[in-house]
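A.B. asks:
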Amino acid sequence: MTPRQGTLALAVVAVVWGASFTIIKLALRDASPVTFLAVRFLLATLPLVLVLRALGPAEWLAGAVLGLFFWGGFVFQTAGLAHTTPARSAFITGLSTPLVPLVAFAWDRTRPPPLLLAGIVLALAGSWFLTDPRGGGLNRGDLLTLGCAAAFACQIVAAGHAARRVSPVRLLAVQLALTGVLSAASAPVLETPRLHPTPALGAALVFLAATAIATFWAQLRAQRVVSPSTTALIFALEPVAAAATSWAVLGETLAAAQLGGAALVLAGTLLPELPLGRRAGA
1 MTPRQGTLAL AVVAVVWGAS FTIIKLALRD ASPVTFLAVR FLLATLPLVL
51 VLRALGPAEW LAGAVLGLFF WGGFVFQTAG LAHTTPARSA FITGLSTPLV
101 PLVAFAWDRT RPPPLLLAGI VLALAGSWFL TDPRGGGLNR GDLLTLGCAA
151 AFACQIVAAG HAARRVSPVR LLAVQLALTG VLSAASAPVL ETPRLHPTPA
201 LGAALVFLAA TAIATFWAQL RAQRVVSPST TALIFALEPV AAAATSWAVL
251 GETLAAAQLG GAALVLAGTL LPELPLGRRA GA
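Counting from 1, one number per residue, gives the positions in the sequence shown under the working numbering.
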């Protein structure tokens, strides 16, 4: 895969993930958040069982690190979606973009450029305006989703390092399996498990399990040739796709202050990747 192909693959991944926010929001009418995650990722693991049987200790360890961040991110995100809107959830999740260079600095001491700091300020300001519509302020779902953004930032950086050493398919198998197992184990502790089988829920689970395999494999494969910071930048497309899908399917709209906040979030996520910012961080 070339860098250009990797960039295109990550863009498609971001759009699919953005569209999935609305699907998950609708599915949570029939299932509690963590129970929903458990079923989704255990289903996604089934086609990869033979891969799991062939893994060595180093591959298990690398995949487990990704899986822990992955599980944490999805628990926060899915639980947050039960209390906030798909568009708001997606935009707050997008804060992982300016967080990725900070995590990368903690990982390998790469000095963050000045534009990164400015981008973080813009993104945080935008998040505040976005999540304060009509004086409502931050709700429980918004706060949970902030934890999701931090976990996914760590996952993106860890994936960038692991994908260069371990087969993406093997990393994917451990990541999905661990997320499913941890979700199943933690569901009775974190919630009152609820699952009401309906045709809509079944269709959503099958679709989301299939897209989990395809999109997360594509992410790990693409991150062999695309840097974590560039990956995070491309994922700024995710909240845009989420807002568009939520508007088309749920009729959700954004107030003027929210639109301004969304613009600030996007500006903050793009600013660190301007040529000046990349030269400063070189």
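For every residue, glycine included, the Cβ atom is placed at its ideal position computed from N, Cα and C.
1) Using a Cβ-Cβ cutoff of less than 6 Å, which residues in the same chain neighbour Ala267 once the five nearest sequence positions on both sides are dropped?
2) Just list the residues that DSSP pairs Leu10 with in beta bridges.
3) Let me check one thing: in DSSP terms, what residues is Ala31 bridge-paired to?
4) I'd like to know whether the C-beta atoms of Phe129 and Gly260 end up nearer to each other than 8 Å.
5) Look at the alpha carbon of Ala54 and the alpha carbon of Phe207, and state the distance between them as a whole number of angstroms.
6) In this structure, how does DSSP classify Glu252 when only helix, strand and coil are distinguished?
7) Given Pro168, which residues of its chain have a CB within under 8 Å of its CB, disregarding the five upstream and five downstream residues?
8) Quick one: Cα of Phe36 to Cα of Leu28, how far?
9) Got a sec? Which residues, its chain only, sit under 7 Å from Val16 by beta carbon, not counting five neighbours each side?
10) Enumerate in chain order the residues of its own chain whose CB-to-CB distance from Gly6 is below 6 Å, with the five nearest sequence positions on each side excluded.
11) Grouping DSSP H, G and I as helix and E and B as strand, with all else coil, what is Ala54?
12) Would you report the Cα separation of Leu50 and Ala241, rounded to the nearest angstrom?
13) Please tell me whether Pro188 has its Cβ less than 8 Å away from any Cβ of chain D.
14) Check whether the Cβ atoms of Trp71 and Thr198 lie closer than 8 Å to each other.
15) State buried or exposed for Thr97, treating a residue as buried only when at least 16 other CB atoms are found within 10 Å of its CB.
16) Keeping to the same chain, check which residues put their C-beta closer than 6 Å to that of Ser246; ignore five residues upstream and five downstream.
C.D. replies: Concretely, from the data shown:
1) Leu122
2) DSSP, once it has assigned bridges, lists no residue as partnering Leu10.
3) Leu195
4) yes
5) 27 Å
6) coil
7) Trp217, Leu220, Arg221, Arg224
8) 8 Å
9) Thr211, Thr215
10) Ala222, Val225, Val226
11) coil
12) 34 Å
13) Absent from the structure: chain D. Only one protein chain is present.
14) no
15) buried
16) Thr22, Pro86, Ala87, Glu252
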